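Asker:
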DNA sequence: TATTGTTATACTCTATAACTATA
DNA sequence: TATAGTTATAGAGTATAACAATA
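Chains as they are written, first to last, in this note's numbering: chain A, 14 to 196; chain B, 14 to 196.
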């Protein structure tokens with residue numbers, strides 16, 4: 014005999030293969046994020062957000078406004094201020110008023126921050142390689158990138174978290190999906 | 014001209030297509046988790062962990078020990094106790110000593126908990142469908158499930174978080190990857 | 001002795017709203 | 001008026017270690 018459905022009558026359950034994809038995705042990414050976080054914390058005493066902030070700075074020209082950073086990283090502005098404060102206290106970044114717009118804060122990566130990234134990035138890549146990248150064929154890499162880009166665009170296409178945000182529309186995929194060309 | 018590499022000389026950068034897969038995966042799952050969390054909070058005032066606890070109970074016979082629950086859900090035991098406490102205070106689950114093992118706590122889903130799941134599950138599925146499942150072809154579903162199952166097994170195969178755990182080895186994929194057959 | 005689970009405690013992170021200053 | 005950012009504050013969640021009870 015089979016279990017009774019948890020869904021109300023008339024609700025058609027999702028295709029089992031898709032459901033399996035969803036569950037496997039949830040579990041695998043949760044485990045992967047755990048491993049990555051552990052590594053970043055152990056090697057550089059960095060939270061994932063802090064690492065992302067530094068990476069974004071290190072991958073570009075070393076500067077960004079708080080708004081630039083907040084847009085890509087799903088954060089609230091105050092949360093970003095908090096994390097940036099931690100980075101600044103450690104001397105990994107500096108914050109100054111932007112000359113262009115006196116309201117804006119220009120975040121600049123410090124040499125110590127760049128050094129830290131250079132120190133921990135190889136290990137980070139090793140973790141990701143071992144637990145994910147090495148398990149993919151070339152074809153699968155393309156497929157996965159394809160699928161996830163589609164999902165990202167789909168989610169970013171609607172008013173999701175922006176309803177809560179102060180910033181206006183500008184819902185034109187401001188995220189940094191392309192991997193930095195500096196690896 | 015191109016940016017200087019962030020990697021030390023001698024370190025071979027990962028294949029760009031794999032890197033792209035990794036970045037897209039990170040961003041897409043982060044956005045997806047955000048949406049799902051927002052829905053669960055808005056509709057049922059549940060955290061993701063609380064939802065997972067209830068789902069695991071509702072998908073089985075309605076009972077589980079704290080250890081059973083802690084094994085699948087990446088949690089520390091104290092964190093699980095905290096979340097279970099919240100659920101119990103709301104009358105969504107009950108906790109009693111196990112008759113088999115007087116040390117163990119038997120967690121049982123309450124009718125209110127089952128009702129809550131029945132109420133919010135359709136919306137949850139709708140979110141996941143809209144933002145993920147509907148974007149996949151049958152073939153892609155299979156591919157994604159295949160890839161992520163491999164990743165999960167790879168990560169669970171080693172001593173990852175268990176080094177921190179109190180529980181002994183038993184590293185035999187205790188996770189609940191199979192989607193509940195009750196949807 | 002080892003295992004199950006809880007508690008005490010401290011800490012990290014996040015979000016909301018109020019506030020300042022500039023555009 | 002709207003935007004950029006900070007701050008104050010409060011709450012949610014997590015982890016560690018110590019603990020009690022049972023195996």
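Virtual Cβ for every residue (Gly too), placed ideally from N, Cα, C.
Just so it is clear, the structure is predicted and the values come from calculations on it, not from any experiment.
So what's residue 84 (chain A) in DSSP terms, helix, strand or just coil?
Answerer: helix
Asker: State the start and end residues of the unbroken beta strand (DSSP E) segment that holds residue 170 (chain A).
Answerer: From DSSP, residue 170 (chain A) is part of no beta strand (DSSP E); its letter is neither H nor E.
Asker: Three or more C-beta pairs under 8 Å: does that hold for the stretch 131-141 of chain A against the stretch 73-90 of chain A?
Answerer: no
Asker: Contact between the stretch 154-164 of chain B and the stretch 150-161 of chain A is defined here as three or more beta-carbon pairs at a separation below 8 Å; is this criterion met?
Answerer: Cβ pair count under 8 Å is three or more, so yes.
Asker: Sort B:63, B:71 and B:32 by Cα distance to residue 19 (chain A) and report the nearest one.
Answerer: Considering only alpha carbons, the answer is B:71.
Asker: Are the stretch 39-54 of chain B and the stretch 113-120 of chain B in contact at 8 Å, needing three or more beta carbon pairs?
Answerer: Contact between the stretch 39-54 of chain B and the stretch 113-120 of chain B is absent, because fewer than three Cβ pairs lie under 8 Å.
Asker: Which of the residues in the stretch 107-139 of chain A, read from start to end, lie with their CB under 7 Å from any CB of chain B?
Answerer: 130, 131, 134, 135 and 138
Asker: To which residues of the same chain is residue 176 (chain B) closer than 7 Å at the C-beta, ignoring the five residues directly before and after it?
Answerer: Its pLDDT being 40, under 50, residue 176 (chain B) is placed unreliably in this model, and the value from its coordinates should be taken loosely. Here the set comprises nothing.
Asker: Give the residues from the stretch 139-151 of chain A that approach chain B closer than 9 Å (Cβ to any Cβ), ordered along the chain.
Answerer: 141, 142, 143, 144, 145, 146, 147, 148, 149 and 151
Asker: From residue 31 (chain A) to residue 127 (chain A), what distance separates their C-alpha atoms?
Answerer: 42 Å
Asker: Could you check if residue 21 (chain B) is buried or exposed, using at least 16 other CB atoms within 10 Å of its CB as the buried criterion?
Answerer: Burial call: exposed.
Asker: My assumption, with CB atoms under 8 Å, is that residue 145 (chain B) sits in contact with residue 164 (chain A). Please give the rounded CB distance.
Answerer: About 6 Å separates the two Cβ atoms, so the contact holds.
Asker: Determine the contact status of residue 99 (chain B) and residue 123 (chain B), defining contact as a CB-CB distance below 7 Å.
Answerer: Taking C-beta atoms as the reference points, residue 99 (chain B) and residue 123 (chain B) fail to come closer than 7 Å.
Asker: Taking only three categories from DSSP, how would you classify residue 176 (chain B)?
Answerer: Model confidence at residue 176 (chain B) stands at a pLDDT of 40, short of 50, so the residue's coordinates are unreliable; what they give is reported in the following sentence. Here residue 176 (chain B) sits in helix by DSSP.
Asker: Shortest alpha-carbon distance to residue 149 (chain B) belongs to which of A:25, A:34, A:26 and A:16?
Answerer: A:34
Asker: Under three-state DSSP, which class holds residue 164 (chain B)?
Answerer: If DSSP states are grouped into helix, strand and coil, residue 164 (chain B) belongs with the helices.
Asker: Who are the near neighbours of residue 140 (chain A) in its chain, counting only those whose CB is closer than 7 Å to its CB and skipping five residues on each side?
Answerer: 48, 49 and 52
Asker: Tell me which residue opens and which closes the beta strand (DSSP E) that residue 109 (chain B) is part of.
Answerer: 106-110
Asker: Is the shortest distance between the beta-carbon of residue 90 (chain B) and the beta-carbons of chain A less than 7 Å?
Answerer: no
Asker: Might you give, ordered along the chain, the residues of its own chain that have their beta carbon closer than 7 Å to the beta carbon of residue 92 (chain A), omitting 5 neighbours on each side?
Answerer: none
Asker: Got a sec? Which residues, its chain only, sit under 7 Å from residue 64 (chain A) by beta carbon, not counting five neighbours each side?
Answerer: 53
Asker: Residues of chain A with CB closer than 9 Å to the CB of residue 22 (chain B), please, in chain order.
Answerer: In chain order: nothing, as chain A lies at least about 11 Å away.
Asker: In whole angstroms, what separates the C-alpha of residue 142 (chain B) from that of residue 103 (chain B)?
Answerer: 29 Å
Asker: Given that a residue counts as buried once 16 or more other Cβ atoms are within 10 Å of its Cβ, and exposed if not, what is residue 17 (chain B)?
Answerer: exposed
Asker: By alpha-carbon positions, which one of A:78, A:171 and A:28 ends up nearest to residue 121 (chain A)?
Answerer: With distances taken between Cα atoms, residue 121 (chain A) lies closest to A:78.
Asker: Counting C-beta neighbours from all protein chains within 10 Å, is the total for residue 97 (chain A) 16 or more, i.e. buried, or is it exposed?
Answerer: Residue 97 (chain A) should be labelled buried.
Asker: Could you pull the DSSP bridge partners for residue 77 (chain B) from this structure?
Answerer: Beta-bridge pairing by DSSP links residue 77 (chain B) to B:120.
Asker: For the stretch 37-71 of chain A, list every residue whose C-beta sits within 7 Å of some C-beta in chain B, in sequence order.
Answerer: Listed in sequence order: 37, 38, 40, 41, 42, 43, 44, 45, 47, 48 and 71.
Asker: Answer with buried or exposed for residue 57 (chain B), where buried requires no fewer than 16 other C-beta atoms within 10 angstroms of its C-beta.
Answerer: Per the 10 Å Cβ criterion, buried.
Asker: To the nearest angstrom, how far is the alpha carbon of residue 28 (chain A) from that of residue 109 (chain A)?
Answerer: Between residue 28 (chain A) and residue 109 (chain A), the C-alpha separation is close to 53 Å.
Asker: Should residue 155 (chain B) be flagged as near chain A, meaning a C-beta pair shorter than 7 Å?
Answerer: yes
Asker: So residue 62 (chain A) is in the alpha helix (DSSP H); what residue range does that whole segment cover?
Answerer: 61-72
Asker: Exposed or buried, what is residue 67 (chain B) when buried is set at 16 or more other beta-carbons lying within 10 Å of its beta-carbon?
Answerer: buried
Asker: Could you tell me how far apart the beta carbons of residue 129 (chain A) and residue 26 (chain B) are, in whole angstroms, since I believe they sit closer than 8 Å?
Answerer: Actually they are not in contact, since the Cβ atoms of residue 129 (chain A) and residue 26 (chain B) sit about 19 Å apart, beyond 8 Å.
Asker: Can we count residue 69 (chain A) as close to the ligand NAP, meaning its CB is less than 6 Å from some heavy atom?
Answerer: Looking at this structure, you won't find the ligand NAP or any other ligand, since it has none at all.
Asker: Can you say whether residue 89 (chain B) is buried or exposed, counting buried as having 16 or more other CB atoms within 10 angstroms of its CB?
Answerer: exposed
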